[in-house]
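Written below as structure tokens is the structure these notes are about.
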Amino acid sequence: MITRLHLYGKWIKKCDHGKIYQDITDENLALMRERLMETVIWPSDDSNSEVIS
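As structure tokens, this is what we get:
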């Protein structure tokens, strides 16, 4: 009798877990960078900005 656990065991052995983990890590890093760019208030390039003394 073939059970779901048996099929899952066969499927899990075929996966390249290192590649899957790396893909997820790269995607998370890209999302974090994108969110950082959205949340950080970048200084403007105005030449007449206030000087704090």
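Reading the sequence shown from the start, the letters are residues 587 to 639 in this note's numbering.
Glycine included, each C-beta is placed from N, C-alpha and C at the ideal position.
Cα-Cα separation between residue i and residue j, rounded to whole angstroms
| i | j | result |
| --- | --- | --- |
| CYS601 | GLY595 | 10 Å |
| TRP597 | GLN608 | 19 Å |
| ILE627 | MET618 | 16 Å |
| THR625 | ALA616 | 14 Å |
Nonlocal neighbours in the same chain, by C-beta distance under 6 Å from residue i, ignoring five residues either side
| i | result |
| --- | --- |
| ARG590 | none |
| GLY604 | none |
Chain-order list of residues whose beta-carbon lies under 7 Å from that of residue i (same chain, five-residue window excluded)
| i | result |
| --- | --- |
| ILE606 | none |
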